[in-house]
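Chemist: In the working numbering, each residue's number is its place in the sequence shown (first place is 1) plus 23. Yeah, the Cβ is synthetic: ideal placement off N, Cα and C, and Gly gets one too. Structure below; questions to follow.
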Amino acid sequence: MGFVKVVKNKQYFKRYQVRFRRRREGKTDYYARKRLIFQDKNKYNTPKFRLIVRLSNRDITCQIAYARIEGDRIVCAAYSHELPRYGVKVGLTNYAAAYCTGLLVARRILQKLRLDTLYAGCTDVTGEEYLVEPVDEGPAAFRCYLDVGLARTTTGARVFGAMKGAVDGGLNIPHSVKRFPGYSAENKSFNAEMHRDHIFGLHVANYMRTLEEEDEEAFKRQFSKYISLGIKADDIENIYKNAHASIRIPPSRRNPRRRSPRSGGRWPSCRSPPARRRSRSTRPTSWPRSRPTSKPKRPRRRRPFFFSSWWCIILVLPCSSPVRR
């Protein structure tokens with residue numbers, strides 16, 4: 024194939040169309056979004072729900088949403104910074120915390136739709152593949168699709184930990200075990216025991232023991248919050264077991280505390296302009312604080328119309344000159 028010269032002339036720029044704003048900002052993968060939000064035509068206006076998982080430096084966000092023309096609508100949400108309420112006070116961004124956050128959002132949406140009693144999910148966590156089965160008499164399981172955004176879908180990624188928590192919570196999400204921790208692409212086998220260790224944070228506990236033996240200073244620096252709370256490596260599994268049980272009891276979101284409106288009090292006045300502040304500092308101390316009342320102005324007498332300054336009429340009469348014969 025020969026070299027093709029790229030011509031960017033006037034016609035090119037006149038027909039150039041910029042990409043979507045969130046594509047220009049590098050925030051949305053529209054190739055994936057189109058396939059996640061397009062609904063079958065025979066389902067008409069039925070919303071297509073997505074499990075949105077987003078990871079940040081200090082938090083994990085899980086949302087149930089569906090798309091509309093004006094924008095996405097969030098139905099339910101859960102965050103990893105809510106986990107201290109259920110006993111997980113540290114390690115809010117690891118794989119085990121992602122599982123807890125997914126479990127929390129699943130139980131909340133099912134409670135909101137009154138399906139929590141019909142679909143309890145997987146209560147005995149073994150790390151193996153679990154697919155929710157619809158009940159014989161009653162509504163079907165809540166179906167949604169995983170939306171990972173721009174995250175890398177590598178084996179053992181935390182977004183799949185959140186998805187596993189949502190599936191064990193009772194949601195119907197199409198998936199396979201190929202991206203869970205413990206899957207080997209070479210042998211095409213899945214080690215469910217390794218996946219269970221990640222769900223209960225045992226990989227963190229093993230690293231704590233190894234680091235404490237090899238470098239105690241690095242252990243104190245990296246696990247300082249664990250040490251301050253008195254959490255040891257042997258306590259981590261029980262912490263997450265209790266958290267899973269606590270999430271299933273009250274999954275509803277706690278209402279934020281609202282402060283009562285302020286009644287009375289002293290409100291500061293606006294700052295005076297510089298000119299007024301300078302004059303205030305230079306005036307004598309005997310200066311009255313209140314402005315003196317000025318004398319009432321006398322009403323202005325109206326002059327007659329013909330004495331008005333603007334009244335001026337100039338009559339230009341034609342000048343007649345003698346006619347010469």
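Would F43 and Y54 be called neighbours here (beta carbons separated by less than 8 Å)?
Modeler: Cβ atoms of F43 and Y54: not closer than 8 Å.
Chemist: Which residue from L252, I259 and V148 puts its Cα closest to that of R219?
Modeler: Answer by Cα proximity: V148.
Chemist: Between the C-alpha atoms of A215 and N261, what's the straight-line distance to the nearest angstrom?
Modeler: If I take the Cα positions, the gap works out to 19 Å.
Chemist: Kindly give me the distance between the Cβ atoms of T84 and R77, rounded to whole angstroms, as I take these residues to be in contact under 8 Å.
Modeler: Confirmed, about 4 Å.
Chemist: Helix, strand or coil, according to DSSP, for C99 in the structure here?
Modeler: It is a strand residue.
Chemist: Which one of H267, R73 and A256 has the shortest CA to CA distance from V10?
Modeler: Missing from the structure shown is residue 10; the chain here goes from 24 to 348 and no further.
Chemist: Could you pull out every residue in the same chain whose Cβ sits closer than 8 Å to the Cβ of R47, ignoring the five residues on either side in sequence?
Modeler: Taken in chain order, the residues that qualify are V41.
Chemist: Buried or exposed for P204, please, with buried defined as at least 16 other CB atoms from any protein chain shown within 10 angstroms of its CB.
Modeler: Buried is the call here.
Chemist: Determine contact between the region 100-110 and the region 265-284, defined as no fewer than three beta-carbon pairs at a distance below 8 Å.
Modeler: They touch, by the three-pair rule.
Chemist: Which residue's Cα is closest to the Cα of E235: H221, A256 and S251?
Modeler: Comparing Cα positions, the closest option is A256.
Chemist: What three-state label does DSSP hand S295 in the structure shown?
Modeler: DSSP places S295 in coil when its eight states are reduced to three.
Chemist: Under a three-way DSSP split, which group does G94 fall into?
Modeler: Three-state result, G94: strand.
Chemist: When we look at the beta-carbon of Q34 and count the other beta-carbons within 10 Å, is it buried (16 or more) or exposed?
Modeler: When all chains shown are included, Q34 counts as exposed.
Chemist: Out of A208, Y142 and Q245, state which residue places its alpha-carbon closest to the alpha-carbon of D159.
Modeler: When only C-alpha atoms are compared, the closest one is Y142.
Chemist: Have a look at S295 and R175 and give me their C-alpha separation to the nearest angstrom.
Modeler: Near 56 Å, if we compare the C-alpha coordinates of R175 and S295.
Chemist: N68 and V227 look like a contact to me (Cβ under 8 Å); what is the Cβ gap, rounded to whole Å?
Modeler: Not a contact, Cβ separation roughly 45 Å.
Chemist: Measure how close the beta-carbons of I222 and Y153 come, nearest whole angstrom, since I'm counting them as under 8 Å.
Modeler: Incorrect: roughly 12 Å between the Cβ atoms, too far for contact.
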